[in-house]
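> Can you read through this structure? Questions will come right after.
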Amino acid sequence: MDFPKLLSGQHAVVRAEVSTGIVLRDDRQWHIGSGELWQVFDSLDSARKFAAAEVSSHPTVECGIYDFRQKHIETVRYERPVA
C-alpha cells in the first residue's frame with residue numbers, strides 16, 4: 003500500500019471498512035494488492051469535504067486523512083443523526 007508522493011500542503015484520503023478496518027480501493031472493494039487506493043487533494047478542507055461526502059453516501063466506510071509527511075490527521079466516520 004504505497005503512499006502517494008504529495009507536495010507540501012496536499013493531503014491524501016484512504017477508505018476502509020468500519021467493521022473490519024480492511025482498506026478499500028476506489029471502487030470500495032477490498033484491496034488485495036492491486037487497484038487505486040488514495041485520493042489526493044490540494045488542501046485539508048477539500049480532503050475533509052470528500053471524506054464527509056464519502057461516509058455520508060456509504061455509512062459502512064470510514065476515511066483516513068493524511069498529510070504530505072504521511073502523518074495521520076483524522077479519521078472521518080458516519081455520524082447517525084440524533085432524533
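For reference, each letter of the sequence shown is one residue, going 3 to 85 in the numbering used here.
The beta-carbon is built from N, C-alpha and C at its ideal position, and this holds for glycine as well.
1) Pull up the distance between the alpha-carbon of Phe52 and that of Gly35, whole angstroms please.
2) Return the residue from the list Leu46, Gly37, Val57 that minimises the CA-CA distance to Leu8.
3) Can His13 and Tyr80 be called in contact, C-beta distance under 8 Å?
4) Based on the DSSP output, what are the partners of Leu26 in its beta bridges?
5) Can you tell me where the alpha helix (DSSP H) holding Phe52 begins and where it ends?
Reading it off the structure:
1) Stepping through the sequence shown from its first residue, residue 52 is reached at position 50. Stepping through the sequence shown from its first residue, residue 35 is reached at position 33. Taking the straight line from one Cα to the other gives about 24 Å.
2) As a working note, residue 8 is residue 6 in the sequence shown. Of the candidates Leu46, Gly37, Val57, the one whose C-alpha sits nearest the C-alpha of Leu8 is Leu46.
3) One-based indexing of the sequence shown puts residue 13 at position 11. One-based indexing of the sequence shown puts residue 80 at position 78. Contact flag unset, no.
4) Here residue 26 refers to the residue found at position 24 of the sequence shown. Answer is Arg17, Trp32.
5) Reading the sequence shown from its first residue, position 50 is the one you call residue 52. Its alpha helix (DSSP H) spans residues 46-59.
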